[in-house]
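Trainee: So the sequence shown is residues 8 to 149, counted in the working numbering. Before anything else, here's the structure in question.
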Amino acid sequence: MAVKKLWRCNVCNDIHYGIKGPVICPTCGAKNAFSLIDYPETKKVIIDRGERLDTVDKLLEVWDKFAEGKTFMVNPDREFVKTLARGELENEKNHGLKYCPCRITTGDLEEDLNLICPCNFFIQPVYKETGECWCGLFVKRQ
């Protein structure tokens, strides 16, 4: 049985957990850009990215930029989105990482890495069926 490992996109630092890295990065679209990394490097990429995203406004700015030019956008209900941002900041305070506010962590870092927001929602059945991610933060563009 193949063992899942951690992979990092050399272009955008997207973290992927799987048997092999994706051919095309789901975040930035780069081809063949994933390299095998270890857990300490993963934590460094996720936690030490430079400026701290420690306010609702900073998160909203990053989420808006993340959605630019993509087939999805940030939910237009800004009050709802601010509530999600507060939940994500609370998760970071309580659990050390910006986990999606609508998902429950297990305490197993390897498993919980899949819950970091924004998650790889566009491959999930819920996104394909409803047009939005698990928590409704991102929605398909009309």
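Every residue, glycine too, gets a C-beta built ideally from N, C-alpha and C.
Please state whether DSSP places V88 in a helix, a strand or coil.
Mentor: V88: helix per DSSP, three-state reduction.
Trainee: Starting from the Cα of K27, find the closest Cα among K105, A40, K11 and give me that residue.
Mentor: Considering only alpha carbons, the answer is K11.
Trainee: Let me know if N101 comes out buried or exposed under the rule of 16 or more other beta-carbons within 10 Å of its beta-carbon.
Mentor: It counts as exposed.
Trainee: Applying the criterion that 16 or more other CB atoms from any shown protein chain within 10 Å of the CB defines a buried residue, is K135 buried or exposed?
Mentor: The residue in question, K135, is exposed, as its Cβ has fewer than 16 Cβ neighbours within 10 Å.
Trainee: Can you tell me which of the three DSSP states R151 falls into?
Mentor: The structure shown does not extend to residue 151, since the chain is modelled only from 8 through 149, so no value can be given for it.
Trainee: Terminal residues of the continuous alpha helix (DSSP H) containing V10?
Mentor: Looking at the DSSP string, V10 is not in any alpha helix (DSSP H), and its letter there is neither H nor E.
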